[in-house]
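Below: the structure, in structure tokens.
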Amino acid sequence: MLRFLFLFFIIPNLGFGQHTVKLMVGSAPFQLHTNYLMNGTDSIRLDQFKFYVGNQRGDFHLVDASDTTTFSLPFTDRVLIIGMDSLANTSGKLEGAFDPLLGMYWAWNTGYIQLKMTGNSYSGGITRPFDYHIGGYRVPFSTSKSFNILTANQFVTANLDSLFSSLPIQSTPNIMLPGPAAQQIFNSFVSTFE
Amino acid sequence: MMRWGVLHLLGIGLISFMFVPGDGLFYRPEKWPKPLYNFDDNPLTLEGFSLGRTLFYDPILSQDSTVSCASCHLQYTAFAHVDHSTSHGINSRVGKRNAPGLMNLAWYPMFHWDGGVLNLNGQAINPLTHPDEMGETLEGVLKKLNRNSYYKTKFMKVFGAEHIKTSHLLKALGQFTVSLVSANSKYDSVMRKESTFTKQEQRGYSLFIKYCNQCHTAPLFTNFEFKANGIGPNNQFNDSGRALITGKAADAYLFRVPTLRNIEYSFPYMHDGRMSKLKEVIHHYANSSNWVKPISKELKLKNNSLSPEDQKDLLKFLKTLTDRTFLFNTNFQYHSPN
Chain A
3 MLRFLFLFFI IPNLGFGQHT VKLMVGSAPF QLHTNYLMNG TDSIRLDQFK
53 FYVGNQRGDF HLVDASDTTT FSLPFTDRVL IIGMDSLANT SGKLEGAFDP
103 LLGMYWAWNT GYIQLKMTGN SYSGGITRPF DYHIGGYRVP FSTSKSFNIL
153 TANQFVTANL DSLFSSLPIQ STPNIMLPGP AAQQIFNSFV STFE
Chain B
435 MMRWGVLHLL GIGLISFMFV PGDGLFYRPE KWPKPLYNFD DNPLTLEGFS
485 LGRTLFYDPI LSQDSTVSCA SCHLQYTAFA HVDHSTSHGI NSRVGKRNAP
535 GLMNLAWYPM FHWDGGVLNL NGQAINPLTH PDEMGETLEG VLKKLNRNSY
585 YKTKFMKVFG AEHIKTSHLL KALGQFTVSL VSANSKYDSV MRKESTFTKQ
635 EQRGYSLFIK YCNQCHTAPL FTNFEFKANG IGPNNQFNDS GRALITGKAA
685 DAYLFRVPTL RNIEYSFPYM HDGRMSKLKE VIHHYANSSN WVKPISKELK
735 LKNNSLSPED QKDLLKFLKT LTDRTFLFNT NFQYHSPN
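Residue numbers (the numbering used here), protein chains in the order written: chain A, 3 to 196; chain B, 435 to 772.
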């Protein structure tokens with residue numbers, strides 16, 4: 003009886019607990035260094051996939067596809083932010099998730115890369131490398147978006163298919179600056195979250 | 435009792451005359467605005483300051499241990515780079531911009547000629563990692579510091595750091611650079627009513643207020659805005675300045691208004707160091723026929739035409755912005771690691 007009551011109180015709380023990011027392609031978990039067929043003939047392979055998730059209190063966390071331990075978010079907030087807002091970008095904190103050592107910091111134009119994707123696309127026998135450093139917080143090209151988490155949901159799931167197929171690899175294989183092109187990719191990324 | 439009284443009086447006299455605290459640590463000059471640097475995030479200590487100074491002068495920070503911060507920022511020239519129009523780096527590589535003087539950085543809302551860098555601590559990553567400057571990686575420099583027993587001990591003492599991280603390195607450098615306060619020139623002593631301008635300096639000051647003060651605003655002698663001063667784009671580098679940061683066409687070829695403090699010693703001048711003499715600079719501003727587009731409206735409105743006499747007077751005034759207690763402050767000089 004006691005044990006039952008104990009569970010009764012604990013289980014609902016788990017629902018409000020930490021969230022785990024789930025990156026999917028089709029019905030399988032996304033993996034780096036794996037070829038994904040895009041539209042029957044073209045394929046894409048990613049070697050780096052990292053992005054920032056945070057909360058409204060200015061705490062941020064770097065999710066890195068090469069390290070599944072980073073998929074557990076260290077927050078219990080119901081509102082999450084994908085990509086840092088301008089305050090976090092300019093806070094001058096250079097520790098933890100903000101450490102420039104993580105390769106997400108733009109030193110010459112203060113701010114952080116919010117989404118880093120590098121890899122190759124294969125189309126008609128041609129290999130095209132791409133390098134997307136997506137960031138920016140100055141109006142109107144912000145790369146930050148907050149959204150509410152369904153409290154019952156332990157997983158924050160992103161289905162990456164639509165992001166990968168929307169990448170402008172043929173025309174613009176490299177983006178290293180804030181601006182409209184960066185914002186468009188960021189918007190595609192945010193829309194992959196359920 | 436008597437002796438203490440005399441010493442006390444002497445002490446006060448010295449302090450009000452020198453206006454520079456003895457330890458080299460940051461201070462806020464009287465009547466200056468509130469500094470913008472976040473001191474709560476990096477509380478200054480003498481040991482932190484001295485660690486920052488050791489790092490500033492140590493070529494260990496560069497990729498091949500040949501270049502230190504002080505290679506391009508020499509104290510006697512207000513921490514600017516004399517004799518080189520643009521900065522130099524490892525393997526004799528040359529940068530695109532004139533290494534600016536370092537002073538009063540606690541009041542800077544942004545750094546670099548294009549204003550791209552928003553905090554002092556983060557600024558140091560740029561020269562550290564730029565291939566034309568120190569050419570090192572953060573990983574590389576932290577590895578070297580963590581293998582160095584002198585630095586291990588010092589960082590432990592200052593930050594309680596078992597392992598030296600990015601933030602420790604940058605905060606230590608910040609403790610030194612934020613302490614480089616220059617506010618004790620003849621101009622300052624005149625403002626404090628401790629001395630007076632000569633007649634020529636006074637004439638120069640009046641011209642300055644009329645023609646220059648709008649952008650080079652006291653007490654920092656810059657309003658931190660981005661302007662085009664009519665020197666025209668650099669033919670060699672095609673550096674579009676502020677537009678590189680904002681992406682706006684209207685910001686093309688605008689550069690940050692630099693401070694005029696210690697301007698006598700911080701040659702060469704302009705963002706690309708194209709002018710080596712202060713006389714040349716004044717001559718440029720004094721003759722609107724020399725100006726090349728783009729030209730900011732502040733300058734256009736003045737439509738300057740200063741006589742050679744006026745130019746000499748202005749030069750005399752600018753020299754009153756030289757602060758020898760700063761240029762020769764022994765606290766800012768190289769000290770062998772202790």
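All C-beta atoms in this analysis are idealised placements derived from N, C-alpha and C, irrespective of residue type, glycine included.
Contact check, residue i vs residue j, beta carbons under 8 Å
i, j, result
"F62/A", "A90/A", "yes"
"S613/B", "F760/B", "no"
"N155/A", "T194/A", "no"
"D163/A", "G28/A", "yes"
"N663/B", "A512/B", "no"
"G556/B", "T145/A", "no"
"F143/A", "P102/A", "no"
"T70/A", "F157/A", "no"
"A558/B", "G535/B", "no"
"Y645/B", "P771/B", "no"
"I494/B", "K578/B", "yes"
Residues bridged to residue i (per DSSP)
i, result
"V715/B", "Bridge partners of V715/B: none, in fact."
"M704/B", "M704/B is not bridged to any residue."
"L82/A", "N57/A, F149/A"
"N161/A", "M26/A"
"P31/A", "M26/A"
"R130/A", "S123/A"
"A514/B", "L508/B"
Span separating the alpha-carbon of residue i from that of residue j
i, j, result
"V575/B", "K24/A", "35 Å"
"D133/A", "P31/A", "22 Å"
"G550/B", "N189/A", "25 Å"
"E196/A", "Y114/A", "25 Å"
"Q648/B", "F658/B", "11 Å"
"S45/A", "Y38/A", "5 Å"
"L480/B", "T587/B", "15 Å"
"S502/B", "E698/B", "24 Å"
"T36/A", "K52/A", "16 Å"
"R47/A", "L34/A", "7 Å"
"T600/B", "W466/B", "31 Å"
"L607/B", "Y124/A", "46 Å"
"L448/B", "D66/A", "Any answer about L448/B is weak, because its pLDDT of 44 lies below 50 and its placement is not dependable; what the coordinates show is given next. Cα-Cα distance, rounded: 58 Å."
"T611/B", "D498/B", "23 Å"
"D685/B", "R676/B", "5 Å"
"L198/A", "Q609/B", "It is not possible to answer for residue 198/A, since the shown part of chain A is limited to 3 through 196."
"I446/B", "F631/B", "For I446/B, the predicted model reports a pLDDT of 43, less than 50, meaning its position is unreliable; a value from the coordinates is still stated below. For I446/B and F631/B, the distance between alpha carbons rounds to 24 Å."
"I171/A", "W547/B", "34 Å"
"R531/B", "M537/B", "18 Å"
"Y54/A", "L604/B", "23 Å"
"G707/B", "G456/B", "34 Å"
"D673/B", "I679/B", "12 Å"
"K633/B", "N668/B", "38 Å"
Beta-carbon contacts of residue i that lie in its chain and below 6 Å, excluding the five residues immediately before and after
i, result
"S710/B", "F701, P702"
"N176/A", "D133"
"H135/A", "I115, K118, M178"
"Q58/A", "V81"
"N580/B", "I598"
"H518/B", "none"
"M106/A", "Y114, I115"
"F191/A", "L117, L165"
"F589/B", "A595, I598, H602"
"G666/B", "V726"
"T120/A", "D49, Q50, D133"
"S723/B", "none"
Cβ-based neighbour list, residue i, same chain, cut-off 8 Å, excluding 5 preceding and 5 following
i, result
"M544/B", "G550, V551, L552, F658, R690"
"L478/B", "L459, F460, Q609, V612, S613"
"L539/B", "Y471, F545, L554, T611, V612, L614"
"I729/B", "A662, N663, G664"
Close-in-space but distant-in-sequence residues of the same chain around residue i (CB under 7 Å, 5 per side omitted)
i, result
"R637/B", "D747"
"Q509/B", "L761, F766, Q767"
"G482/B", "V592, A606, Q609"
"H650/B", "T656, V691, L694"
"V528/B", "T520, H522, D566"
"T129/A", "N122"
"L64/A", "K52, Y54, T72, A99, L104, M106"
"Y621/B", "T754, L755"
beta-carbon residue i near the ligand ADP non-hydrogen atom, thresh 7 Å
i, result
"D66/A", "This structure lacks the ligand ADP; in fact it carries no ligand of any kind."
* Asked: Quick one: any contact between the region 733-742 of chain B and the region 552-563 of chain B, if contact means 3 or more CB pairs under 8 Å?
  -> Flag = no, the region 733-742 of chain B and the region 552-563 of chain B do not touch.
* Asked: So does the region 716-726 of chain B actually touch the region 741-757 of chain B, counting three or more Cβ pairs closer than 8 Å?
  -> By the Cβ test, the region 716-726 of chain B is in contact with the region 741-757 of chain B, since at least three Cβ pairs between them sit closer than 8 Å.
* Taking 8 Å as the threshold, find out whether the region 86-105 of chain A comes into contact with the region 136-149 of chain A through three or more Cβ pairs. => By the criterion of at least three beta-carbon pairs nearer than 8 Å, the region 86-105 of chain A is in contact with the region 136-149 of chain A.
* Asked: How do the region 519-527 of chain B and the region 565-572 of chain B stand: do at least 3 beta-carbon pairs fall below 8 Å, yes or no?
  -> Yes, since at least three Cβ pairs between the region 519-527 of chain B and the region 565-572 of chain B fall closer than 8 Å, the two stretches touch.
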